[in-house]
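If you use numbering that gives the first Met the number 0, the sequence shown corresponds to residues 0 to 155, in order. Think of the CB as a built atom: it goes at the ideal place given N, C-alpha and C, for glycine as much as any other residue.
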Amino acid sequence: MLEMSVPWWEFVLRGVVVYAFLLVFLRVTGRRKIGQYEPFDLVLLLILSNAVQNAMNAGDNSLAGGLLSAATLILCHSLIARLTYHVPRIARWVDGRPRVLVHDGKVDDAVMRSEALTADDVAAALRAGGCLHAHEVERATIETNGQITVVLKRRG
Numbered sequence: 000m001l002e003m004s005v006p007w008w009e010f011v012l013r014g015v016v017v018y019a020f021l022l023v024f025l026r027v028t029g030r031r032k033i034g035q036y037e038p039f040d041l042v043l044l045l046i047l048s049n050a051v052q053n054a055m056n057a058g059d060n061s062l063a064g065g066l067l068s069a070a071t072l073i074l075c076h077s078l079i080a081r082l083t084y085h086v087p088r089i090a091r092w093v094d095g096r097p098r099v100l101v102h103d104g105k106v107d108d109a110v111m112r113s114e115a116l117t118a119d120d121v122a123a124a125l126r127a128g129g130c131l132h133a134h135e136v137e138r139a140t141i142e143t144n145g146q147i148t149v150v151l152k153r154r155g
């Protein structure tokens with residue numbers, strides 16, 4: 000139960016590599032995938048977790064190995080969180096930057112394409128923000144967490 004089939008340091012190294020790979024992979028796939036879980040996004044994350052399990056544990060199913068792998072992932076996550084807090088450049092790379100999706104009533108198609116947003120996605124975000132048409136929007140921003148915030152034009 001506590002006997003590991005590979006050295007402890009291999010669990011740590013594998014955990015760090017898998018964490019870094021998934022961080023880069025999820026960052027490259029775009030904010031929409033992280034901030035707004037569609038069913039296919041959730042399925043991808045569940046399958047990814049299963050796919051990388053053996054890469055992390057080298058086939059070792061011991062309790063000690065599992066706890067060491069979990070501790071390594073938590074430590075990696077904590078270190079990245081601290082780094083992004085203290086080093087803005089790293090934060091921009093890990094979290095990205097907010098992007099303006101709608102400015103003065105005009106939808107930026109390039110941002111839609113790069114964030115893999117459909118017209119239906121944008122329309123839903125605008126409705127959630129309290130309007131029906133883009134021309135009512137002063138600014139809509141896709142935030143670093145994938146949420147879309149909408150600021151309506153002043154009515155006067």
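Residue i: buried (16+ other C-beta within 10 angstroms of its C-beta) or exposed?
i, result
"residue 71", "buried"
"residue 100", "buried"
"residue 13", "buried"
"residue 32", "Note that residue 32 scores 44 on pLDDT, short of 50, meaning its location in the model is unreliable and no value can be drawn from it."
"residue 46", "exposed"
"residue 156", "Absent from the model: residue 156. The displayed extent of the chain is 0 to 155, so no value can be given."
Measuring CB to CB, does residue i end up less than 7 Å from residue j?
i, j, result
"residue 0", "residue 66", "no"
"residue 124", "residue 147", "yes"
"residue 142", "residue 97", "yes"
"residue 128", "residue 149", "yes"
"residue 64", "residue 10", "yes"
"residue 111", "residue 59", "no"
"residue 27", "residue 51", "no"
Please confirm if residue i has its CB atom under 7 Å from at least one CB of chain C.
i, result
"residue 71", "The structure shown has no chain C; it contains just one protein chain."
Using the C-alpha atoms, what's the distance from residue j back to residue i?
i, j, result
"residue 78", "residue 132", "43 Å"
"residue 122", "residue 95", "23 Å"
"residue 115", "residue 44", "17 Å"
"residue 49", "residue 57", "13 Å"
"residue 7", "residue 55", "12 Å"
"residue 75", "residue 25", "15 Å"
"residue 82", "residue 23", "16 Å"
"residue 130", "residue 113", "24 Å"
"residue 69", "residue 135", "48 Å"
"residue 119", "residue 5", "50 Å"
"residue 108", "residue 85", "34 Å"
"residue 102", "residue 93", "25 Å"
"residue 152", "residue 126", "14 Å"
"residue 73", "residue 91", "21 Å"
Please name the residue or residues paired with residue i in a DSSP beta bridge.
i, result
"residue 139", "101, 149"
- Mind listing, in chain order, the continuous beta strand (DSSP E) runs of no fewer than 3 residues lying wholly within the segment 48-131? 98-102
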